[in-house]
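Scroll down for the structure; my scribbles are underneath it.
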Amino acid sequence: MEIIIQPSNHHIATIAAESISDALKKNPNLVLGLATGSTPIALYKILVQKYKNRELDFSRVTTFNLDEYIGIPCHHPQSYHTFMAKHFFDHVNIPIENQHIPQNATGDFESYCEKYEKKIKDSGGIDIQILGIGTDGHIAFNETGSSLSSRTRPVTLSESTLKANAIHFNSDKSAVPEMAITMGVGTIMEAKQCILLASGKSKSEAIVNAVEGPITASVPASVLQMHPNTFIIIDEDAASALKEIDYYKRCYENRLKLLST
Ligand code: F6R
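Residue 229 in this note's numbering sits at position 209 of the sequence shown, with consecutive numbering throughout.
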């Protein structure tokens, strides 16, 4: 786990965008795992700008989104399908057949979720998985208590997630769908690289629990401690509860020095 502490959300997004750009230039067939929510919006904005500047070509990229609500149609203004179209897919050249977001209109969830997992495997697996983190430590919609080896499945959202996401539903918690399809923790752990982004004081407790706490299903993000290639890119506010801030900063400075020699 590499902890990268930055002054602002813009710096976080810039570093994540650079990682994706470098990987895409090396491998035009990159498979990306994508997140929604407020945090990655700045990252998508930078990637879109790089595409517009002809710095990046997404024509052979495949994407898999982490999650989608159950119970609202894909064209709902707050669906993650709509989110991805608005912030990313409508502005870059990823072929539509390469874009995968869990579908919320299916009846047979078990076979649907198995097929979603199979598509990830058949694509060669996720090269870079972008993650946000919930204030309760969830990743994707794997809430407190999710098995650390869970796979793609339907889940019920926790009270704290319903509250946090109400902001997108006119602050009406009762309008937030109670269920979602999510990639599992085990599915996420199979990505070759994970990049978790977080900014703001409201994420500081989740970050300290995930990074310096015990590995526990109570904090699903803590399982990333077991992932061999994970970057936690956070701002000073999100980092503020960490005990080893100075050490993480020194590690990052030294890594940059090594990379530049
Ligand atoms: C969404 C997702 C969620 C969010 C998390 C943080 O696809 O996977 O786990 O990353 O709820 O959301 P924001 O960024 O809105 O604070």
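Every residue gets a Cβ at the ideal spot worked out from N, C-alpha and C, and that includes glycine.
Query	Result
Nearest candidate by alpha-carbon position, reference residue 170, set 184, 237 and 123	237
Check whether residue 43 and residue 63 have beta carbons under 7 angstroms apart	no
Bridge-paired residues (DSSP) for residue 120	84
Per-residue burial, residue 267 [other beta carbons within 10 Å of its own, 16 or more giving buried]	exposed
Straight-line Cα distance separating residue 106 from residue 254	24 angstroms
Backbone secondary structure at residue 66 - three-state DSSP	helix
Residue environment, residue 278, which counts as buried when at least 16 other CB atoms sit within 10 Å	exposed
First through last residue of the beta strand (DSSP E) which encompasses residue 51	51 to 54
Residue 156 Cβ short of 6 angstroms to the ligand F6R heavy atom set	no
Residue 271 - containing beta strand (DSSP E), residue span	That residue, residue 271, is in no beta strand (DSSP E); its alpha helix (DSSP H) goes 265 to 280.
Residues that residue 174 bridges to, as DSSP identifies them	201
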